[in-house]
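> In my numbering, the protein residues as written are 347 to 779.
Even for Gly, the Cβ is constructed at its ideal location relative to N, Cα and C.
Below is the structure:
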């Protein structure tokens with residue numbers, strides 16, 4: 347296990363000159379360029395765009411907002427890594443200034459995919475770790491860490507999984523009546539399944555469940571996450587957990603969004619009706635529990651060479667209320683989408699859009715009203731590959747997204763975890779806001 351702070355400065359010297367150019371605010375497009383130091387210095391510190399990491403490459407996967415106005419973000423880093431990647435966790439204040447940053451992991455690739463603040467005030471990270479099994483063959487296991495909020499000290503770590511298969515931890519839920527539910531994808535040779543791990547408050551596993559959903563062949567979980575239904579959760583048999591994924595239906599010969607109920611008392615996964623369009627392949631990448639007791643699912647729909655964001659709203663009784671598909675400029679391909687419900691009852695979708703010419707990715711924020719109609723879209727990016735992962739809304743109505751900004755330092759390309767803050771209209775905000 348490795349645990350120590352990345353001592354490299356917050357804005358490392360290697361990429362100080364890679365900040366923002368005069369085209370910074372052009373039509374909602376954040377344009378980074380390799381200008382000279384003299385030309386970019388006047389624009390440093392003007393807007394809330396923060397880059398984090400050291401001399402290697404970092405990526406941002408998830409973020410939570412804290413009651414003090416700050417943030418905790420998680421992802422991966424190659425800075426000072428003895429293996430490939432390490433889990434990278436960073437706590438920042440309300441201005442994005444680092445309070446602490448640490449890396450954690452073993453000799454292989456270790457990645458943090460999700461972060462929560464537990465009921466005990468500790469920080470919990472769920473991710474994946476690449477390790478050698480007893481046959482000296484590398485495979486991935488679910489990796490869960492417990493950290494101290496004030497300094498990031500490692501309080502506990504656990505690994506879960508089968509030594510002959512790959513498991514990718516995607517979410518961790520602090521169960522209100524004690525313990526945790528960890529959700530992951532368990533990969534087999536030709537398919538994948540849900541892999542559920544229930545633990546006590548010390549992360550000791552109580553049960554491990556992995557199974558195909560009854561009646562459906564070829565379950566392919568593009569991503570997984572779990573929620574407890576709203577209301578009294580003291581009796582899990584009446585308040586089962588909700589998971590989501592994407593499944594291939596052999597009858598329709600296409601992929602669909604799908605919600606699942608998981609009842610821990612009977613260790614059973616129950617499939618809810620398929621969601622999506624049989625004429626296309628629909629991949630679910632995120633779900634959010636809404637204030638009305640229902641859920642909103644986000645992902646992409648693929649029809650030939652056309653890929654677009656898709657959002658589906660489901661009621662508390664699991665009935666589909668609406669389904670919307672969104673066009674983007676030049677019909678860029680959609681790599682992933684995350685979603686939250688906003689304070690006005692609408693939704694915010696953060697996506698990664700892939701461009702053909704030049705070949706790179708950009709970050710997109712798509713604001714929807716409560717009916718799922720588009721209100722505005724803003725895009726951000728550099729001249730390299732950029733990724734938008736998750737977004738949170740703050741008490742003042744502004745938004746902070748976590749993602750990855752790419753850039754080139756000859757002869758190598760690097761990336762940095764980023765935080766980007768925008769106002770309720772999607773405009774970049776000054777650094778001191």
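Could you give the DSSP three-state label for residue 616: helix, strand or coil?
Three-state DSSP puts residue 616 in a strand.
> In this structure, what does DSSP give as the bridge partners for residue 654?
Partner(s): 647.
> Given residue 627, which residues of its chain have a CB within under 6 Å of its CB, disregarding the five upstream and five downstream residues?
Excluding residues within five positions, the ones whose Cβ falls inside 6 Å are 600, 601, 648.
> Return helix, strand or coil for residue 598, following the three-state DSSP convention.
Coil at residue 598, not helix or strand.
> What are the partner residues of residue 680, as DSSP defines its beta bridges?
Partner(s): 699.
> Return the bridge partner residues of residue 438 from the DSSP annotation.
417, 444, per the DSSP bridge assignment.
> State the start and end residues of the unbroken beta strand (DSSP E) segment that holds residue 458.
From DSSP, the beta strand (DSSP E) with residue 458 extends over 456-463.
> Answer yes or no: do residue 636 and residue 645 have a C-beta to C-beta separation smaller than 7 Å?
In this structure, residue 645 does not lie closer than 7 Å to residue 636 by Cβ.
> Sorry if obvious, but does the Cβ on residue 603 come closer than 6 Å to a heavy atom of the ligand GDP?
As far as ligands go, the structure on display features none, and thus does not contain the ligand GDP.
> Within a Cβ cutoff of 8 Å, which residues of the same chain sit near residue 771, ignoring the five residues on either side of it in sequence?
So the qualifying residues of the chain are 722.
> Return yes when the Cβ of residue 737 is within less than 7 Å of the Cβ of residue 694, no when it is not.
Result yes, Cβ atoms of residue 694 and residue 737 sit closer than 7 Å.
> What separation, rounded to the nearest whole angstrom, lies between the Cα atoms of residue 595 and residue 539?
So the alpha carbons of these two residues sit roughly 14 Å apart.
> Mark residue 714 as exposed unless 16 or more other C-beta atoms lie within 10 angstroms of its C-beta, in which case mark it buried.
Flag for residue 714 reads buried.
> I think residue 422 touches residue 432, with their Cβ atoms under 8 Å apart; what is that distance to the nearest whole Å?
Yes, they are in contact, since the Cβ atoms of residue 422 and residue 432 sit about 7 Å apart, within 8 Å.
> Where does residue 730 sit, in a helix, a strand or coil, going by DSSP?
Looking at residue 730 - three-state DSSP - the assignment turns out to be coil, as it is neither helix nor strand.
> List the whole-angstrom C-beta distance separating residue 394 from residue 740, where the pair is believed to meet the contact cut-off of C-beta under 8 Å.
11 Å between Cβ atoms; not a contact.
> I need the straight-line Cα distance from residue 684 to residue 426, nearest angstrom please.
Cα to Cα, the separation comes out at about 30 Å.
> Pick from 511, 477, 462, 498: whose alpha carbon is nearest that of residue 520?
Residue 462 is the option with its Cα nearest to residue 520.
> Pull the bridge partners of residue 432 from the DSSP assignment, please.
According to DSSP, which records beta bridges pairwise, residue 432 is partnered with 423.
> Got a sec? Which residues, its chain only, sit under 6 Å from residue 670 by beta carbon, not counting five neighbours each side?
Counting only Cβ-Cβ distances below 6 Å, and skipping sequence neighbours, we find 657, 718.
> Which residue marks the beginning of the beta strand (DSSP E) containing residue 714, and which one marks its end?
Unbroken beta strand (DSSP E) run through residue 714: 706-714.
> Under 8 Å by Cβ, that's how I've got residue 750 and residue 406 pegged, so tell me the actual separation to the nearest angstrom.
Between residue 406 and residue 750 the Cβ distance is about 6 Å, and since that is below 8 Å, they are a contact.
> Going by DSSP, what residue range makes up the beta strand (DSSP E) through residue 392?
Unbroken run through residue 392: none, as it is neither H nor E.
> Mind checking which residues open and close the beta strand (DSSP E) that includes residue 502?
Here the beta strand (DSSP E) through residue 502 covers 500-506.
> What residues match up with residue 637 in a beta bridge as DSSP calls it?
DSSP lists no partner for residue 637.
> Just list the residues that DSSP pairs residue 667 with in beta bridges.
In DSSP, residue 667 forms no bridge with anything.
> With a CB to CB cut of under 6 Å and the five nearest residues on each side skipped, what residues in its chain are close to residue 668?
The residues are 659, 718.
> Leaving out five residues before and five after residue 760 in sequence, what residues of the same chain have Cβ atoms less than 6 Å from its Cβ?
These residues qualify, in order along the chain: 403.
> Could you check whether residue 467 and residue 488 sit closer than 7 Å to each other, using their CB atoms as the reference points?
Contact flag unset, no.
> Which residue wins for smallest C-alpha separation from residue 839, given the options 652, 733, 588?
Outside the shown range of the chain (347 to 779) lies residue 839, about which nothing can therefore be said.
> So is residue 419 buried or exposed if we call it buried at 16+ other beta carbons inside 10 Å?
Residue 419 should be labelled buried.
> If you draw a straight line from the alpha carbon of residue 598 to that of residue 621, how long is it in whole angstroms?
The straight-line gap from Cα to Cα measures roughly 12 Å.
> Run through the DSSP bridge pairs and tell me what residue 410 is partnered with.
Residue 410 pairs with 418.
> So residue 491 and residue 503 are supposed to be a Cβ contact under 8 Å. How far apart are they, rounded?
Yes, residue 491 and residue 503 are in contact; Cβ-Cβ is about 5 Å, under 8 Å.
> Taking the alpha-carbon positions, what's the residue 686 to residue 526 distance?
C-alpha separation (whole angstroms): 22 Å.
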